[in-house]
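Using the numbering used here, the letters of the sequence shown map in sequence onto residues 43 to 708.
Backbone N, C-alpha and C fix where the C-beta goes; we use that ideal spot for every residue, glycine too.
Model, not experiment: these values are computed from the prediction.
Okay, so here's the structure we're looking at.
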Amino acid sequence: MENEKVELCESLIKWLQCLKLNGAHGNARELADGVAMAQALNQIAPEHFTDSWLSKIKTDVGSNWRLKVSNLKKVVEGVFDYYIDVLSLNLSDVAKPDVMRIAEKADRAELSRLLQLILGCAVNCANKQDYITQIMELEESLQRNIMRALQDLEEAWQGTSGCRNSLSIQQFDVKALQEERDGLAQKCHEMERQIAFHIEEKAAMQQEITKLNQMVEKMESPMAIGDDGESMGPVQLGSARYNELRKQLDSVKDELLQAETARDDLKMKSRQQEIEIINLQAKVDELHQASTELSQLKDEIDILREASDKLKIYETQLATYKKKLEDHSDLRKQVKMLEERSAEYLRQNIQHEEDSKKFSGLKGQVELYKKEIQELHMKLDTEMSKSAKIEFELTNMEANLSALQREKENLLIERDTLRETCDELRCTQGSSDSTNTISREIVSPTLKDRIDRLEAENKALREGQGGQTALAQLLDDSNQRTEKLREQLKQANQKILTLTQGQTDESSAKGNLVVQLRQALELNEQRASQIEETQQQVNNLQTKMTQLEATLAAKEQELATSEARYKKCVEKTKEMIKNIDPRLATEVAALDQGKSPIDTEPEIRSSGMSQLEERLMTTAYHRLGVVCHREAIDARLALLSGSGQSFLARQRQPVPRKPAASFKTK
43 MENEKVELCE SLIKWLQCLK LNGAHGNARE LADGVAMAQA LNQIAPEHFT
93 DSWLSKIKTD VGSNWRLKVS NLKKVVEGVF DYYIDVLSLN LSDVAKPDVM
143 RIAEKADRAE LSRLLQLILG CAVNCANKQD YITQIMELEE SLQRNIMRAL
193 QDLEEAWQGT SGCRNSLSIQ QFDVKALQEE RDGLAQKCHE MERQIAFHIE
243 EKAAMQQEIT KLNQMVEKME SPMAIGDDGE SMGPVQLGSA RYNELRKQLD
293 SVKDELLQAE TARDDLKMKS RQQEIEIINL QAKVDELHQA STELSQLKDE
343 IDILREASDK LKIYETQLAT YKKKLEDHSD LRKQVKMLEE RSAEYLRQNI
393 QHEEDSKKFS GLKGQVELYK KEIQELHMKL DTEMSKSAKI EFELTNMEAN
443 LSALQREKEN LLIERDTLRE TCDELRCTQG SSDSTNTISR EIVSPTLKDR
493 IDRLEAENKA LREGQGGQTA LAQLLDDSNQ RTEKLREQLK QANQKILTLT
543 QGQTDESSAK GNLVVQLRQA LELNEQRASQ IEETQQQVNN LQTKMTQLEA
593 TLAAKEQELA TSEARYKKCV EKTKEMIKNI DPRLATEVAA LDQGKSPIDT
643 EPEIRSSGMS QLEERLMTTA YHRLGVVCHR EAIDARLALL SGSGQSFLAR
693 QRQPVPRKPA ASFKTK
């Protein structure tokens, strides 16, 4: 694994040397400062890796590893930004190279990863065809290593389509061309072997020819010795040696003719083989050129395929945009309507805020009025119980009064009888002693008992009069409604105690007492009717409050639905703007970020305003009910308070309060 990484690093360094950079880039130590790689990126994509970016790279770093790390970090960040921003490739699965190891130790594994990323930039840049042709002109081993590096880099890319397909197709075509080139090389090698075999055969034939020539010379020499060791003598016509040599010469000529014909055949074959070799070499060259042209054509086909795919996408987008533009006018109208509604709702919210500010000062007064109403209800209950007690006591007093009237009648009868007896006694002329004895005899013991009993009852009535006066004072202090009744009962008790003083005063006192009792009963009935009327008014006000609260809840629900529709329409318009022009996506996002605090304010205001409106409406209606109730009670009390009351009773009456100015205005 380490050897493969080292081999890959060396291959990438050799590829980097083909770029003709100014910085030192001969080995891994020279590349560890990041200068050469930054220059390579500037040469590959000058529109992204600009001269200003290149000026940030420190050139004279020497052995300062911190400056090396800084340069390498800038290079790595620039490469990743180029992949994400320009190529739109996802490198989430690709780990960043360790710049510390590259700067300190010139680690070949990490350096190969960084060079692999730079190679990907070169293959996918605008001038990628030039860099691909440079790679195709390298050696086969370098090409294999570079192709393997590109394949590893392609596996890490996510979401890529066009460029990845082009690289895979190009790799497939290169493999096919390499196989065809290997087959032609094998054929050339076989032809070379055949040529070498024919050359060897030619050399063997030449050796045989030389041997035969030597044998001919030997035979023609007169000093030739035969096989038996005797001299064969000179060669003459007709001699046996001549005939034998003649035969040998004929056979040698035949063999030579055969050899020459074979040589001519071999020459022809060798020429044909050479012509075939030349033709095959030309074909190999043509195929090599065709392979380069094929790779270029494949790249162009890939570019055209990408362009056709983009064209189809753009056509579909254009159709959708046309449809969206048709709907855009309707959406604009809806947006205008929603804007008008939002402005109206905003005005309503402002008006509600102003009303809430007006009603906020009335909350404390309403609570005080609630407490006062509760206290008045409690006092009303106590006064009702006291009035019941007084009615019961009044019935008892009426019974006692009837008994006293009967006794008074009896006393009147007895008085008449006594007067008659007194007149009779005055007519008599007796002495004082006799009269005293007669008067003592006349006064019977029953009469004495009756007089004593009347004196005791008179004393008891006087004691009861004192208790009733105290009760009347308590009632007068608690409520004005029982003050008049207390005064009337007091006068009745006083007149009952003075019944024994005179006969004329008794009849008039009885009539006045009955009239006063009737007035007290009528006053009690009137106050009961007033209480019922005020209770009915309070119930009516409560029903009105519930109806207004229901209408307010319905209005709030309508406001919430309208706000939701407005937000949906705004989101649709944003999506339309993004789809029409993707360059406006960043602006729309910025507007969304800048608009969030402004959008949250109406929501906070609406939620706070709804709660505040509910509270203010309830407090306002409670206060209105209390004020109306109090005004009615004060008006009726003012009407019922007559001129027959005493000065203290008039002072104890509650003063009717003026209603608040805010309710008068309304």
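- For Asn391, the three-state secondary structure derived from DSSP is helix.
- Cys163 is the residue among His419, Ser402, Cys163, Glu395 whose C-alpha sits nearest the C-alpha of Pro88.
- Shown here, Asn69 sits in coil according to DSSP, grouped into three states, outside any helix or strand.
- Under the 10 Å beta carbon count, Asp194 is surrounded by fewer than 16 other beta carbons and is classified as exposed.
- The beta-carbon distance between Lys47 and Ala148, rounded to whole angstroms, is 13 Å. This is too long to meet the 8 Å contact definition.
- If you draw a straight line from the Cα of Met142 to the Cα of Ser183, it is about 30 Å long.
- Just so you know, the alpha carbons of Arg678 and Gln572 end up roughly 8 Å apart.
- Apart from the 5 residues on each side of it in sequence, Glu259 has no Cβ closer than 7 Å to any other Cβ in its chain.
- In this structure, the CA atom of Phe91 is about 19 Å from the CA atom of Asn132.
- CA-to-CA, the gap between Glu466 and Thr459 works out to about 11 Å.
- Ser312 and Met247 have their C-alpha atoms spaced approximately 15 Å apart.
- Annotation for Tyr125: Leu131, Leu133 place their beta carbon closer than 7 Å to its own, counting only its chain and skipping 5 residues before and after.
- Ranked by Cα distance from Thr101, the first of Val121, Asp423, Gly76, Gln85 is Gly76.
- In the structure shown, the three-state DSSP call for Asn582 is helix.
- Separation of Asp494 and Asn452 (C-alpha to C-alpha, rounded to the nearest whole angstrom) is 15 Å.
- For Asn132, the secondary structure class from DSSP, reduced to helix, strand or coil, is strand.
- One thing to note: Leu161 has its Cβ no nearer than 8 Å to the Cβ of Pro139.
- Asp75: not part of any alpha helix (DSSP H); DSSP gives it neither H nor E.
- Where Gly162 is concerned, the enclosing alpha helix (DSSP H) starts and stops at 150-165.
- Remark: C-beta atoms of Ile144 and Ala74 approach each other more closely than 8 Å.
- Take the alpha-carbon of Leu346 and the one of Gly104: they are about 47 Å apart.
- Counting only unbroken stretches of 3 or more residues, no beta strand (DSSP E) element lies wholly within the stretch 70-129.
- Between Ser53 and Met178 the beta-carbon gap is near 14 Å, outside 8 Å, which marks them as no contact.
- For Leu679, the secondary structure class from DSSP, reduced to helix, strand or coil, is helix.
- Less than 8 Å divides the Cβ of Gln315 from the Cβ of Ile237.
- The shortest C-alpha to C-alpha distance from Ala301 to any of Glu328, Glu250, Leu287, Ile317 is the one to Glu250.
- Spanning the alpha carbons of Glu357 and Asp369 requires a straight line of approximately 19 Å.
- Between the C-alpha atoms of Leu410 and Lys428 there is a straight-line separation of about 27 Å.
- Under the three-state reduction of DSSP, Glu462 is assigned to helix.
- If you check the CB distance, Leu373 and Lys614 come in under 8 Å.
- Nearest to Asp306 by alpha-carbon distance, out of His240, Ile320, Met257, is His240.
- Nearest to Asn255 by alpha-carbon distance, out of Gln578, Leu192, Glu297, Leu654, is Glu297.
- Per DSSP, Asp194 is one residue of the alpha helix (DSSP H) stretching across 182-198.
- For Ala145, the enclosing alpha helix (DSSP H) covers residues 141-147.
- In terms of CA proximity to Ile320, Met233 leads the group Gln81, Thr593, Met233.
- In the three-state DSSP reduction, Glu242 falls in the helix class (H, G or I).
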